[in-house]
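**Q** Line by line, the protein sequences are chains A and B. Residue numbers 38 to 176, in our numbering, belong to the letters of the first sequence in order. Residue numbers 409 to 553, in our numbering, belong to the letters of the second sequence in order.
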Amino acid sequence: MFITAVLIAASVSAVMVVTIQQISLGIKEQGDYLKSAIATNFKIINDPLSIPTETVNGYTAYVFYVKNIGNVPFPFTNSSISVLIDGNIIPPANFTTSPSVLYPGQVGKIDVITTLSAGNHRITVILSNGISDTLEFQI
Amino acid sequence: MGFSTTAAFAVLFIAGLIALGIMSATVISEVRELNDLLKAKDKAELSLKTSDFEIVNVTAQNVTSTTYNLTVIVRDTGSTTFNCTKFTILVDGRPIEFTTNVTVLYPLQYAKFYNSSLSGTVGSSHRLAVISDNGLIRYASFVVG
Chain A
38 MFITAVLIAA SVSAVMVVTI QQISLGIKEQ GDYLKSAIAT NFKIINDPLS
88 IPTETVNGYT AYVFYVKNIG NVPFPFTNSS ISVLIDGNII PPANFTTSPS
138 VLYPGQVGKI DVITTLSAGN HRITVILSNG ISDTLEFQI
Chain B
409 MGFSTTAAFA VLFIAGLIAL GIMSATVISE VRELNDLLKA KDKAELSLKT
459 SDFEIVNVTA QNVTSTTYNL TVIVRDTGST TFNCTKFTIL VDGRPIEFTT
509 NVTVLYPLQY AKFYNSSLSG TVGSSHRLAV ISDNGLIRYA SFVVG
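If you want it as structure tokens, here you go:
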């Protein structure tokens, strides 16, 4: 009777400790995500009336500059950021970025291969943690 | 029966204490770090609201028929300091390299940014954008003289 009671209590305790440990890990992951989101900040710094172009693989690419004005570096590749122009997502194959990690104070470059008509447009850049910035510009 | 119950509750109590220890260590650590970051973010937002600068003067003087020197003078008109080494300058939409006479720009003080190898002929007009370390942008236009 005594052994059975202790075994049941030990089993319940083990389940409880493991569950609490998993909840703690979840809290830590959520905390890490929140910390990343709070410390990350960036700005598209282009002159809206003067968007430069470059030739990339034979195509005309519009060049956008992004400055890290936050406190932490963030990944800056075409698989870690999303680019929307006039609400349409640009496929990762149609834009290139450099460098691959953007440190605080550093300026990164996005070459977007697309066709834009003369007039006003809007670009939105979204990082992997959901932080975004938008710039309205004129071609 | 009485002793079994006591032993079972003792085991559960110890396990509860361990679980509480694990949980509180994580929660306290995360809350502390989040609190520090939120304070830093509030400070940065306040800094952005109280920081300002203006482009006081732009001088573009030709060196050869196709190149010119660019000197940009900015003044800190806010109440915070800027890190001049983290400024970005765009001419005609493209970033340029520059040297500066000060590394930290204090309120009401001036900073000079200089580049000696830009392409442009005499009489050509250009657009200038100066971006501070915290993301403030000021624009100007100039003509190469």
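The beta carbon of each residue, even a glycine, is placed where N, CA and C say it ideally should be.
Work out the CA separation of Lys447 (chain B) and Ile539 (chain B) for me, nearest whole Å.
**A** C-alpha separation (whole angstroms): 25 Å.
**Q** Determine the burial state of Glu453 (chain B): buried for a count of at least 16 other Cβ atoms within 10 Å of its Cβ, exposed for fewer.
**A** By the 10 Å Cβ count, Glu453 (chain B) comes out exposed.
**Q** Roughly how many whole angstroms lie between the Cα atoms of Val464 (chain B) and Tyr547 (chain B)?
**A** Those two C-alpha atoms are separated by around 11 Å.
**Q** Are Asn485 (chain B) and Asp460 (chain B) close, meaning C-beta to C-beta below 7 Å?
**A** Before going further, note that residue 485 (chain B) is Thr rather than Asn in the sequence given. It is a contact, given that the beta carbons lie within the stated cut-off.
**Q** Return the Cβ separation of Tyr99 (chain A) and Thr92 (chain A) in integer angstroms, given the expectation that the two are a contact with Cβ distance under 8 Å.
**A** Actually they are not in contact, since the Cβ atoms of Tyr99 (chain A) and Thr92 (chain A) sit about 11 Å apart, beyond 8 Å.
**Q** Tell me whether Asn509 (chain B) is buried or exposed, calling it buried when 16 or more other Cβ atoms sit within 10 Å of its Cβ.
**A** Burial call: exposed.
**Q** Spell out whether any CB of chain A is found under 7 Å from the CB atom of Arg535 (chain B).
**A** Taking Cβ atoms only, chain A reaches closer than 7 Å to Arg535 (chain B), which makes this a yes.
**Q** Return the bridge partner residues of Ile463 (chain B) from the DSSP annotation.
**A** Per DSSP, B:Val482.
**Q** For Ile163 (chain A) versus Ser119 (chain A), is the C-beta spacing smaller than 7 Å?
**A** Cβ distance < 7 Å, so Ile163 (chain A) and Ser119 (chain A) count as in contact.
**Q** In whole angstroms, what is the alpha-carbon distance linking His158 (chain A) and Ile82 (chain A)?
**A** C-alpha separation (whole angstroms): 15 Å.
**Q** Name, going along the chain, the residues of the segment 97-109 of chain A whose beta-carbon falls closer than 9 Å to a beta-carbon of chain B.
**A** Those residues of the segment 97-109 of chain A that come within reach of chain B (Cβ to Cβ, closer than 9 Å) are Val100, Tyr102, Lys104, Ile106, Gly107, Asn108.
**Q** Under a three-way DSSP split, which group does Gln517 (chain B) fall into?
**A** If DSSP states are grouped into helix, strand and coil, Gln517 (chain B) belongs with coil.
**Q** Check whether the Cβ of Asp170 (chain A) lies closer than 7 Å to any Cβ atom in chain B.
**A** By this cut-off, Asp170 (chain A) is not an interface position.
**Q** Would you call the segment 527-535 of chain B and the segment 105-118 of chain A in contact, with 3 or more CB pairs under 8 Å?
**A** No, the segment 527-535 of chain B does not touch the segment 105-118 of chain A.
**Q** Quick one: measure Cβ to Cβ for Tyr140 (chain A) and Asn105 (chain A), integer angstroms, because I've assumed they're closer than 8 Å.
**A** Going by Cβ atoms, the distance from Tyr140 (chain A) to Asn105 (chain A) rounds to 6 Å, so yes, they are a contact pair.
**Q** Are there 16 or more other CB atoms within 10 angstroms of the CB of Glu438 (chain B), so buried, or fewer, so exposed?
**A** With 16 or more other Cβ atoms within 10 Å, it is buried.
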